[in-house]
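S.K.:
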Amino acid sequence: MARLKVTQIRSQIGTKQNQRDTLRSLGLKRIRDVVVKEDRPEIRGMIHTVTHLVTVEEVE
């Protein structure tokens with residue numbers, strides 16, 4: 001199964017509460033934090049919510 005490398009590139013200051021909660025659920029706490037998650041529909045949905053705050057790369 002593919003994996004996604006998610007990197008926070010922008011601050012969560014000034015964003016909506018649900019976007020801050022989503023970043024925390026993904027495991028991102030500060031700028032340049034990196035997490036690797038399984039490529040599942042739930043994770044894709046969370047990434048879609050905060051797409052302007054993160055970058056995503058596929059990892060094998």
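Take the sequence shown: its letters are residues 1 to 60, numbered as in the UniProt record's numbering. Cβ atoms here follow ideal geometry from the backbone N, Cα and C, with glycine treated the same way. Every value quoted in this text rests on a predicted model; they were computed, and no experiment measured them.
Three-state secondary structure (DSSP) at residue 15?
M.R.: The sequence position of residue 15 within the sequence shown is 15, counting from 1. Note: residue 15 maps to coil in three-state DSSP.
S.K.: Classify residue 31: buried if its beta carbon has 16 or more other beta carbons within 10 angstroms, exposed otherwise.
M.R.: In the sequence shown, counting from the first residue as 1, residue 31 sits at position 31. The residue in question, residue 31, is exposed, as its Cβ has fewer than 16 Cβ neighbours within 10 Å.
S.K.: Whose C-beta lies closer than 7 Å to the C-beta of residue 27 among residues of the same chain, with five residues either side of it excluded?
M.R.: As a working note, residue 27 is residue 27 in the sequence shown. 35.
S.K.: How many Å lie between residue 22 and residue 47 at the Cα?
M.R.: Within the sequence shown, the letter at position 22 stands for residue 22. Within the sequence shown, the letter at position 47 stands for residue 47. Their backbone Cα atoms lie some 8 Å apart in a straight line.
S.K.: Along the chain, where does the alpha helix (DSSP H) that runs through residue 49 open and close?
M.R.: On the sequence shown, residue 49 is found 49 positions in, with the first residue counted as 1. For residue 49, the enclosing alpha helix (DSSP H) starts and ends at 41-49.
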